[in-house]
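Residue numbers (this note's numbering): 11 to 532.
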């Protein structure tokens with residue numbers, strides 16, 4: 011990884027945080043001048059970032075994507091609901107303002123990021139308990155955490171007496187990647203147990219973060235949880251509110267980016283399954299759709315299971331230990347997305363996105379017509395609404411029928427106006443292809459660079475030393491994969507922005523002093 015250097019005075023700043031860190035790319039020639047050819051396997055966020063990074067430096071790129079659309083797990087595809095053409099996806103995604111490297115990618119085809127619109131609020135609801143909100147919480151640490159605790163109904167003064175202040179301060183005293191390794195073997199649930207937060211606060215302010223990885227907190231990495239807290243809240247001044255695309259993912263994001271890549275000369279092929287990667291004299295051969303594609307290098311930017319399959323079929327790639335570690339990586343439990351096109355509108359004042367805890371298997375509810383143009387057009391034409399329900403980490407043995415019944419009951423509890431609404435159309439998805447970021451040692455997880463310099467990895471399940479997660483990790487490792495290959499050819503790499511990788515030192519001492527003055531914590 012490039013050393014962390016002060017941000018050049020003339021360098022563009024990606025967001026509101028003056029302490030965002032610029033990680034410069036390795037120096038080198040301005041262009042590869044099409045001397046090399048790279049095959050990028052996978053057209054999700056990681057593959058799109060890698061293809062962009064390479065093509066912008068004059069590398070010939072062929073991108074192969076098995077689906078008909080780009081976007082990977084954030085793609086959208088056409089469906090018909092009530093005789094009207096509309097779209098479906100794998101679910102709602104939040105585009106946080108600290109997703110600097112993802113936003114830089116999207117800016118290639120939308121320089122002003124005009125297709126991203128802000129969500130006014132992101133409420134968190136505990137069943138039979140309080141609802142928290144981030145609308146009026148300041149963005150700047152430590153004011154954000156102090157204001158959140160002071161205003162949140164989840165934090166009562168008498169409950170705070172039991173909080174372990176030193177453990178809580180540990181969430182602030184971070185250094186990456188050391189923070190990841192410090193929590194090797196520790197689950198997110200264990201980190202939460204050590205904090206001893208009140209029950210409501212644990213569910214609303216903490217556990218929701220772990221479940222956003224589609225994982226049970228008992229199986230999810232404690233280091234990743236601390237990293238998320240730093241990136242989204244305690245170490246960043248970007249705030250916890252976020253943006254969403256103004257229409258479906260394909261229309262707003264990926265189709266325009268695909269056209270941009272085609273304009274850069276990328277050979278972009280969708281609907282093509284990659285069967286294998288073979289060694290060749292000086293390069294690699296990627297077999298896809300019965301065709302052999304020769305290349306100097308390959309970026310494997312696939313989901314975890316296809317990556318494991320491709321590596322298993324390439325015994326020349328890596329040593330036994332590396333291959334064994336990659337083969338042993340797990341998958342998060344199943345998750346369900348249920349999109350309902352209903353004949354009734356949601357109640358006035360409904361938030362576009364509501365995170366939930368304690369509502370059985372329901373983890374969040376989205377009202378798509380409140381932010382997505384296509385859904386709004388459908389709802390207007392039919393006098394109804396387009397509602398999406400998510401259930402993360404579905405327990406083994408849960409039947410679809412049981413899960414659907416519980417989700418519909420919880421929807422009625424939250425939205426009684428929809429109780430008995432007719433379902434004009436529905437799409438039901440259950441998938442188990444998200445990577446599990448478990449409690450295994452951080453340093454043993456395969457990273458971007460592999461034992462063979464011609465092969466690099468990218469994706470949200472790839473190890474990264476920077477405090478990034480989810481879509482931002484996919485984008486970041488995509489840029490890093492491109493830079494790793496460029497560096498080997500003497501071509502300049504791409505710099506990256508992140509939230510601070512060290513603690514905001516001026517924050518910790520005053521916050522400790524402030525907490526020490528709270529009678530319940532002394």
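Glycine residues also receive a C-beta, built at the ideal position from the N, C-alpha and C atoms. Predicted model, so just to flag it, every value in this text is computed and none were measured.
Legend entry - residue 146 to residue 281 span [Cα, whole Å]: Approximately 45 Å between the Cα atoms of the pair.
Inset, instruction - Would you mind listing the alpha helix (DSSP H) stretches within the stretch 365-418 that are 4+ residues and don't spill past its ends, in chain order? - result: Taken in chain order, the complete alpha helix (DSSP H) segments of 4 residues or longer contained in the stretch 365-418 are 383-392.
Legend entry - Residue of 488, 38, 326, 380 minimising C-alpha distance to residue 131: Residue 380 is the option with its Cα nearest to residue 131.
Inset, instruction - Could you spell out the range, first to last residue, of the beta strand (DSSP E) harbouring residue 38? - result: Where residue 38 is concerned, there is no enclosing beta strand (DSSP E), given that its DSSP letter is neither H nor E.
Inset, instruction - Work out the CA separation of residue 182 and residue 173 for me, nearest whole Å. - result: CA-to-CA, the gap between residue 173 and residue 182 works out to about 15 Å.
Legend entry - Inter-residue Cα distance where the pair is residue 312 and residue 336: Rounded to the nearest angstrom, the two C-alpha atoms are 13 Å apart.
Legend entry - Residues near residue 328 in its chain [Cβ-Cβ closer than 8 Å; skip 5 each side]: Result list for residue 328: 321, 336, 460, 461, 462, in chain order.
Inset, instruction - Please work out which residues of its chain come closer than 7 Å, Cβ to Cβ, to residue 287, disregarding the five sequence neighbours upstream and downstream, and give them in chain order. - result: Counting only Cβ-Cβ distances below 7 Å, and skipping sequence neighbours, we find 294, 296, 308, 320, 324.
Inset, instruction - Along the alpha helix (DSSP H) that carries residue 324, what are the first and last residues, could you check? - result: From DSSP, residue 324 is part of no alpha helix (DSSP H); its letter is neither H nor E.
Legend entry - Coarse secondary structure for residue 239, derived from DSSP in three states: Residue 239: helix per DSSP, three-state reduction.
Inset, instruction - Label residue 398 either buried or exposed according to how many other C-beta atoms from any shown protein chain fall within 10 Å of its C-beta, with 16 as the threshold for buried. - result: Of the residues assessed, residue 398 falls on the buried side of the cut-off, its CB having 16 or more other CB atoms within 10 angstroms.
Inset, instruction - Note down, in chain order, each residue of its chain lying with its Cβ closer than 7 Å to the Cβ of residue 289, except the 5 sequence neighbours on either side. - result: Contacts found: 326.
Inset, instruction - Take the Cβ of residue 25 as the centre, count every other Cβ of all protein chains shown within 10 Å, and call the residue buried at 16 or more, exposed below. - result: Under this definition residue 25 is a buried residue.
Inset, instruction - Rounded to whole angstroms, what's the CA-CA distance from residue 15 to residue 33? Just pull it up for me. - result: Residue placement at residue 15 is poorly supported in this model, since its pLDDT is 34, which falls under 50; the coordinates are not used for a value here.
Legend entry - Straight-line Cα distance separating residue 84 from residue 430: It is roughly 31 Å from the alpha-carbon of residue 430 to the alpha-carbon of residue 84.
Inset, instruction - Using a threshold of 7 Å, state whether the C-beta atoms of residue 193 and residue 245 are closer than that. - result: Cβ atoms of residue 193 and residue 245: not closer than 7 Å.
Legend entry - Under the three-state DSSP convention, the category residue 467 falls into: Note: residue 467 maps to strand in three-state DSSP.
Inset, instruction - Put residue 426 into one of helix, strand or coil per three-state DSSP. - result: Reduced to three states, the DSSP call for residue 426 is helix.
Legend entry - For residue 475 and residue 530, the rounded distance between their alpha carbons: Because residue 530 carries a pLDDT of 47, less than 50, the predicted location of this residue cannot be relied on, and the following value inherits that uncertainty. If I take the Cα positions, the gap works out to 37 Å.
Inset, instruction - Measure the alpha-carbon distance for residue 250 versus residue 31 and round it to whole angstroms. - result: Each residue's alpha carbon lies about 19 Å from the other.
Legend entry - Supposed close pair residue 428, residue 356 - CB separation, criterion 8 Å: Confirmed, Cβ separation roughly 7 Å.
Inset, instruction - Put residue 260 into one of helix, strand or coil per three-state DSSP. - result: Here residue 260 sits in helix by DSSP.
Inset, instruction - Note the first and the last residue of the continuous beta strand (DSSP E) segment covering residue 124. - result: For residue 124, no beta strand (DSSP E) segment is defined, and its DSSP state is neither H nor E.
Inset, instruction - Report yes if the CB atom of residue 368 is closer than 7 Å to the CB atom of residue 28, and no otherwise. - result: Taking 7 Å as the Cβ cut-off, residue 368 and residue 28 do not qualify as a contacting pair.
Legend entry - Where residue 431 sits in the DSSP three-state scheme: Here residue 431 sits in coil by DSSP.
Legend entry - residue 505, buried or exposed, once every other Cβ within 10 Å from all chains shown has been counted against 16: Buried.
Inset, instruction - Could you check if residue 394 is buried or exposed, using at least 16 other CB atoms within 10 Å of its CB as the buried criterion? - result: Buried is the call here.
Inset, instruction - For the alpha helix (DSSP H) containing residue 489, list its first residue and its last residue. - result: Note, residue 489: alpha helix (DSSP H), 480-498.
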